[in-house]
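Undergrad: Each residue of the sequence shown is one higher than the one before, counting from 134 in this note's numbering.
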Amino acid sequence: MKSVQPGAAPPWDSLSNLTVVIGNPTGRTDFNSSQTGSQPQPPQTVARLVPVLNSLATETVTLSVDFTTIYDAVVGNIPEDAAQPVASLSFRRGDTDGNGNVTVFDALLIAQYLANLKTASQLGVLNAASVNHDGAAGDKITIVDALFIAQYKALLKNADYTPRQ
Numbered sequence: 134m135k136s137v138q139p140g141a142a143p144p145w146d147s148l149s150n151l152t153v154v155i156g157n158p159t160g161r162t163d164f165n166s167s168q169t170g171s172q173p174q175p176p177q178t179v180a181r182l183v184p185v186l187n188s189l190a191t192e193t194v195t196l197s198v199d200f201t202t203i204y205d206a207v208v209g210n211i212p213e214d215a216a217q218p219v220a221s222l223s224f225r226r227g228d229t230d231g232n233g234n235v236t237v238f239d240a241l242l243i244a245q246y247l248a249n250l251k252t253a254s255q256l257g258v259l260n261a262a263s264v265n266h267d268g269a270a271g272d273k274i275t276i277v278d279a280l281f282i283a284q285y286k287a288l289l290k291n292a293d294y295t296p297r298q
């Protein structure tokens with residue numbers, strides 16, 4: 134067994150030639166890399182998905198992540214049944230409780246979460262955080278999200294949480 138000193142190179146060879154191709158019009162992203170040397174390499178995180186909902190409170194958005202091809206230089210294409218399954222999740226901006234509708238209860242749930250009366254596992258975090266777009270690295274859950282939902286339900290905001298004219 135090899136040990137690694139802080140700041141030293143790991144005992145395995147690193148990825149070389151990592152390229153990322155993002156096809157925004159098609160929604161397809163390709164990650165291509167190759168491994169040098171003969172040592173097996175531990176799993177590498179090559180991407181982190183941070184979705185931001187930009188839809189209406191009346192729309193459900195489905196996010197699907199599919200690994201269509203996993204290729205190994207020695208084995209070739211890995212059979213599809215060995216690849217990761219499709220991950221598919223549905224979201225509705227502002228639907229904090231996940232019941233399919235945006236109600237004043239969703240605003241209350243956010244307020245309870247912020248007062249430490251509810252945990253993150255008790256609400257749809259992405260649905261709650263995406264009401265008010267307020268974070269450069271991803272949206273945050275704040276009382277403004279609850280306020281925007283309440284204003285939407287009182288017909289003071291549109292379904293995209295912008296002020297009504």
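Built from N, CA and C at the ideal position, the CB exists for glycine as well. Just so we're clear, the structure is a prediction, and the values are computed from it rather than from any experiment.
1. So if DSSP puts V185 in a beta bridge, which residue, or which two residues, is it bridged to?
2. Check the C-beta distance from N265 over to V277 and give it rounded, since I have them as a contact under 8 Å.
3. Can you tell me whether N260 is buried or exposed, with buried defined as 16 or more other CB within 10 angstroms of its CB?
4. Quick check on this structure: which residue in T229, F238, N187 and V235 has the alpha carbon closest to the alpha carbon of S254?
5. With a threshold of 16 other CB atoms inside 10 Å of the CB of D239, please say whether the residue is buried or exposed.
6. Roughly how far, in whole angstroms, is the beta-carbon of S263 from the beta-carbon of R226, given that I think they are within contact range, below 8 Å?
7. In its own chain, which residues sit with a C-beta less than 8 Å from the C-beta of L288, not counting the 5 before and 5 after it?
8. My output table needs one value for L241: the three-state DSSP class, helix, strand or coil.
TA: Once the coordinates are examined:
1. Numbered from its first residue, the sequence shown carries residue 185 at position 52. In the DSSP output, where bridge partners are listed per residue, V185 has none listed.
2. Within the sequence shown, the letter at position 132 stands for residue 265. Within the sequence shown, the letter at position 144 stands for residue 277. The pair is a contact, with the Cβ atoms about 5 Å apart (cut-off 8 Å).
3. Taking the first residue of the sequence shown as position 1, residue 260 is located at position 127. Classification of N260: buried, given that the 10 Å Cβ count is 16 or more.
4. On the sequence shown, position 121 is the one that residue 254 refers to. Minimum Cα distance to S254 is reached at T229.
5. Residue numbering aside, residue 239 sits at position 106 when the sequence shown is read from its first letter. That one is buried.
6. On the sequence shown, position 130 is the one that residue 263 refers to. On the sequence shown, position 93 is the one that residue 226 refers to. Their Cβ separation, rounded to whole angstroms, is 5 Å, which keeps S263 and R226 in contact under 8 Å.
7. Translated into positions along the sequence shown, residue 288 becomes position 155. These residues qualify, in order along the chain: R297.
8. As a position in the sequence shown, residue 241 is number 108, starting the count at 1. Three-state result, L241: helix.
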